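>
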Amino acid sequence: MKYLFAAAVLVTTAFAGISAADAAGGCGPGWHRGPYGGCVRNRGPVVVAPGPVVVERPVVVAPGAVVVAPRVRACPYGFGWRYGRCRPI
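Those letters in the sequence shown? Residues -23 to -1, 1 to 66, per mature numbering (1 follows the signal peptide of the UniProt record, and there is no 0), in order.
1) Nearest-angstrom Cα distance between Gly55 and Arg64?
2) Whole angstroms is fine: what's the gap from Gly57's alpha carbon to Ile66's?
3) Kindly indicate which three-state DSSP category Val(-15) falls into: helix, strand or coil?
4) Roughly how many whole angstroms lie between the Cα atoms of Trp8 and Pro53?
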(Lines of atoms letter the chains of each structure in order from A and count residues from 1; the text may use other names and numbers.)
(Lines give C-alpha, C1' and ligand atoms only; values in the text may rest on other atoms or scores of the structure.)
Protein backbone atom coordinates (compact mmCIF):
# COMPACT_ATOMS: atom_id res chain seq x y z
CA MET A 1 0.00 0.00 0.00
CA LYS A 2 2.82 2.40 0.80
CA TYR A 3 4.33 1.80 -2.70
CA LEU A 4 0.99 2.66 -4.30
CA PHE A 5 0.79 5.85 -2.23
CA ALA A 6 4.37 6.80 -3.15
CA ALA A 7 3.64 6.23 -6.84
CA ALA A 8 0.48 8.36 -6.63
CA VAL A 9 2.42 11.19 -4.95
CA LEU A 10 5.16 10.98 -7.58
CA VAL A 11 2.68 11.11 -10.49
CA THR A 12 0.77 14.01 -8.92
CA THR A 13 3.91 16.08 -8.39
CA ALA A 14 5.08 15.33 -11.94
CA PHE A 15 1.82 16.63 -13.44
CA ALA A 16 1.62 19.57 -11.02
CA GLY A 17 5.08 20.71 -12.14
CA ILE A 18 3.92 21.18 -15.74
CA SER A 19 2.03 24.48 -16.12
CA ALA A 20 1.63 27.49 -18.39
CA ALA A 21 4.56 29.17 -16.63
CA ASP A 22 6.86 26.43 -17.90
CA ALA A 23 5.57 26.85 -21.44
CA ALA A 24 6.10 30.62 -21.30
CA GLY A 25 9.79 30.26 -20.43
CA GLY A 26 9.13 30.40 -16.70
CA CYS A 27 7.60 33.88 -16.77
CA GLY A 28 3.92 32.90 -16.42
CA PRO A 29 0.83 33.54 -18.52
CA GLY A 30 0.87 36.89 -20.33
CA TRP A 31 4.67 37.17 -20.14
CA HIS A 32 7.58 35.95 -22.25
CA ARG A 33 11.39 36.00 -22.17
CA GLY A 34 12.97 39.14 -23.61
CA PRO A 35 16.20 39.38 -25.61
CA TYR A 36 18.33 39.61 -22.46
CA GLY A 37 16.55 36.81 -20.59
CA GLY A 38 14.24 38.91 -18.42
CA CYS A 39 10.46 38.55 -18.28
CA VAL A 40 8.58 40.98 -20.56
CA ARG A 41 4.79 41.51 -20.65
CA ASN A 42 3.03 40.51 -23.88
CA ARG A 43 1.71 43.60 -25.67
CA GLY A 44 -1.10 42.07 -27.70
CA PRO A 45 -1.74 39.87 -30.69
CA VAL A 46 1.11 39.30 -33.10
CA VAL A 47 0.24 39.89 -36.75
CA VAL A 48 2.63 38.44 -39.29
CA ALA A 49 2.56 39.99 -42.76
CA PRO A 50 2.44 37.50 -45.61
CA GLY A 51 5.68 36.95 -47.45
CA PRO A 52 6.27 37.79 -51.08
CA VAL A 53 4.12 35.88 -53.52
CA VAL A 54 6.17 33.88 -56.00
CA VAL A 55 4.41 33.02 -59.24
CA GLU A 56 6.31 30.66 -61.48
CA ARG A 57 5.71 30.55 -65.20
CA PRO A 58 4.44 27.20 -66.43
CA VAL A 59 6.81 25.08 -68.47
CA VAL A 60 5.37 24.46 -71.91
CA VAL A 61 6.85 21.61 -73.92
CA ALA A 62 5.74 20.62 -77.38
CA PRO A 63 4.38 17.07 -77.58
CA GLY A 64 7.08 14.55 -78.45
CA ALA A 65 9.94 16.98 -77.80
CA VAL A 66 12.86 15.93 -75.61
CA VAL A 67 14.24 18.56 -73.25
CA VAL A 68 17.74 18.11 -71.82
CA ALA A 69 18.72 20.57 -69.12
CA PRO A 70 22.30 20.82 -67.83
CA ARG A 71 22.95 19.87 -64.23
CA VAL A 72 23.22 22.94 -62.02
CA ARG A 73 26.04 22.98 -59.48
CA ALA A 74 25.44 25.09 -56.39
CA CYS A 75 29.08 24.88 -55.28
CA PRO A 76 32.33 25.12 -57.30
CA TYR A 77 34.24 21.96 -58.20
CA GLY A 78 36.03 20.46 -55.21
CA PHE A 79 33.29 21.65 -52.82
CA GLY A 80 30.05 20.06 -51.67
CA TRP A 81 26.91 21.41 -50.02
CA ARG A 82 27.23 20.40 -46.36
CA TYR A 83 25.62 21.90 -43.26
CA GLY A 84 24.08 24.85 -45.10
CA ARG A 85 27.13 26.06 -47.06
CA CYS A 86 29.79 25.01 -49.56
CA ARG A 87 32.57 23.09 -47.88
CA PRO A 88 35.68 21.41 -49.30
CA ILE A 89 35.27 17.72 -50.09
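We put the beta carbon where it would ideally sit given N, CA and C, even for glycine.
Computed from a predicted model, the values in this text were never measured in an experiment.
Working from what's here:
1) In the sequence shown, the residue the question calls residue 55 occupies position 78. In the sequence shown, the residue the question calls residue 64 occupies position 87. Taking the straight line joining both Cα atoms gives about 9 Å.
2) For the purposes of this step, residue 57 is identified with residue 80 of the sequence shown, where counting begins at 1. For the purposes of this step, residue 66 is identified with residue 89 of the sequence shown, where counting begins at 1. For Gly57 and Ile66, the distance between alpha carbons rounds to 6 Å.
3) The residue labelled residue -15 in the question sits at position 9 within the sequence shown. Residue state, collapsed to three classes: helix.
4) Counting from one through the sequence shown, the residue named residue 8 turns up at place 31. Counting from one through the sequence shown, the residue named residue 53 turns up at place 76. Distance between the alpha carbons of Trp8 and Pro53: 48 Å.
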